[in-house]
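Asker: Residue 60 in my numbering sits at position 12 of the sequence shown; the count goes up by one each step and never skips. What follows is a single structure, and I will ask about it in a moment.
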Amino acid sequence: MNDSHAVSTHGSTVEEWTRALAQSTGSPGGGAGTGLMLAVAASLMSMVAGYSEADERDPMEVERIRMRAQSLREAALRLADEDASASRAFGAAFRLERGPERQEAIRAASLNAAKSSAVLGELALDALDPLAWLALHGNPALVSDVVVAFGALRAALAGARTNVSFDLASLRSGGKDLDEVREQHAELWSTVRRFDDALDRIDTLTASIDHRAAPTAAADQRDERGTESSR
49 MNDSHAVSTH
59 GSTVEEWTRA
69 LAQSTGSPGG
79 GAGTGLMLAV
89 AASLMSMVAG
99 YSEADERDPM
109 EVERIRMRAQ
119 SLREAALRLA
129 DEDASASRAF
139 GAAFRLERGP
149 ERQEAIRAAS
159 LNAAKSSAVL
169 GELALDALDP
179 LAWLALHGNP
189 ALVSDVVVAF
199 GALRAALAGA
209 RTNVSFDLAS
219 LRSGGKDLDE
229 VREQHAELWS
239 TVRRFDDALD
249 RIDTLTASID
259 HRAAPTAAAD
269 QRDERGTESS
279 R
């Protein structure tokens with residue numbers, strides 16, 4: 049498949065989609081890749097939940113997480129395809145002749161792109177608590193899959209955070225400074241701060257289980273010292 053405009057997450061193979069991503073067309077681009085990373089995180093979350101036993105304190109929690117993950121995967125793929133379409137509009141705006149029409153087209157495309165990235169990032173935030181629950185209560189044999197899911201989720205949030213920020217900054221093409229843009233779109237800008245906080249939380253959660261997923265000699269020594277001190 050040579051026409052990158054024809055690819056979609058639902059109608060293309062992974063090879064076809066990533067080949068289109070590798071082309072210098074921008075559609076699909078980083079935003080669509082962000083959606084795909086969120087779909088990967090959601091898929092792993094569903095898999096781990098399926099292998100985990102229900103917590104006796106809340107026997108329905110595992111099933112809720114699994115159903116939420118499946119819904120999230122579908123939404124993430126849909127948003128990935130929608131972002132690919134938005135990227136084409138964004139590129140078309142920048143190819144217009146300089147003038148008021150071009151500035152307005154860039155403003156509209158930038159704002160739409162920022163909103164789209166914010167929606168995707170908010171979906172990623174929804175995955176954080178369920179994945180944190182699985183890190184503590186999920187099947188311990190799949191802790192490495194939880195770490196990989198955290199990595200994919202971090203990539204999705206980082207992508208959403210960066211894309212919202214970049215797209216808002218593109219609104220300066222009309223002569224406004226960044227402070228004006230942030231003031232006019234305060235709600236969108238607030239998502240950037242929330243995504244920053246979520247990235248920090250993911251790093252903390254990943255670090256808290258990394259010794260279980262990828263034990264090292266140093267970790268083994270710490271465990272041994274802990275065991276000896278408890279005797």
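For glycine and all other residues, C-beta sits at the position ideal for the given N, C-alpha and C. Please read all numbers here as calculations on a predicted model, not as lab measurements.
Buried or exposed, going by whether 16 or more other CB atoms sit within 10 Å of the CB of Asp245?
Answerer: Classification for Asp245: exposed.
Asker: Expressed to the nearest angstrom, what Euclidean distance is found between the alpha-carbon atoms of Pro148 and Ser218?
Answerer: 15 Å
Asker: Tell me the rounded alpha-carbon separation between Ile113 and Pro188.
Answerer: 16 Å
Asker: Is the segment 158-171 touching the segment 93-100, taking contact as three or more C-beta pairs under 8 Å?
Answerer: The answer is no - the segment 93-100 does not touch the segment 158-171, with fewer than three Cβ pairs under 8 Å.
Asker: Which residue's Cα is closest to the Cα of Val167: Trp237, Ser56, Glu111 and Ser75?
Answerer: Trp237
Asker: Alpha carbon to alpha carbon, how far is Asp251 from Gly186? Give it in angstroms, no decimals.
Answerer: 19 Å
Asker: Nearest CA to the CA of Leu173: which residue from Glu63, Ala90, Leu184 and Thr73?
Answerer: Nearest C-alpha to Leu173: Ala90.
Asker: In three-state terms, what does DSSP make of Asp103?
Answerer: Three-state DSSP puts Asp103 in a strand.
Asker: Given that a residue counts as buried once 16 or more other Cβ atoms are within 10 Å of its Cβ, and exposed if not, what is Gly81?
Answerer: buried
Asker: For Ser91 and chain B, any beta-carbon pair shorter than 8 Å?
Answerer: Within the model displayed, chain B is absent; a lone protein chain is all it includes.
Asker: Would Leu86 pass as a contact of Ala204 if the rule is Cβ separation under 8 Å?
Answerer: yes
Asker: Considering only heavy atoms of the ligand GDP, does any lie closer than 7 Å to the CB of Thr61?
Answerer: Although the ligand GDP was asked about, the structure shown includes no ligands whatsoever.
Asker: Is the distance from the Cβ of Asp131 to the Cβ of Gly83 below 8 Å?
Answerer: yes
Asker: For Asp193, which of helix, strand or coil comes out of DSSP?
Answerer: Looking at Asp193 - three-state DSSP - the assignment turns out to be helix.
Asker: Of all the options Val62, Leu171, Gly169 and Val194, which has the alpha carbon lying nearest to the alpha carbon of Leu179?
Answerer: That would be Val194, whose Cα lies nearest to the Cα of Leu179.
Asker: By the DSSP assignment, the alpha helix (DSSP H) with Asp251 in it spans what residues?
Answerer: Ala234 to Ala261
Asker: So what's Gln71 in DSSP terms, helix, strand or just coil?
Answerer: coil
Asker: I'd like the span of the alpha helix (DSSP H) that includes Met115, first residue to last.
Answerer: Here the alpha helix (DSSP H) through Met115 covers Glu109 to Phe142.
Asker: For Ser192, is the classification buried or exposed, using 16 other Cβ atoms within 10 angstroms of its Cβ as the cut-off for buried?
Answerer: Its Cβ having fewer than 16 others within 10 Å, Ser192 is exposed.
Asker: Between the Cα of Gly78 and those of Glu109, Asp215, Thr61 and Arg150, spot the shortest distance and give me the residue it belongs to.
Answerer: Asp215
Asker: Ends of the alpha helix (DSSP H) at Asp174?
Answerer: Pro148 to His185
Asker: Would you decide whether Leu190 is buried or exposed? Buried here means 16 or more other CB atoms lie within 10 Å of its CB.
Answerer: buried
Asker: Compute the beta-carbon to beta-carbon distance between Trp181 and Glu109, rounded to the nearest angstrom, for a pair I have assumed lies under 8 Å.
Answerer: 7 Å
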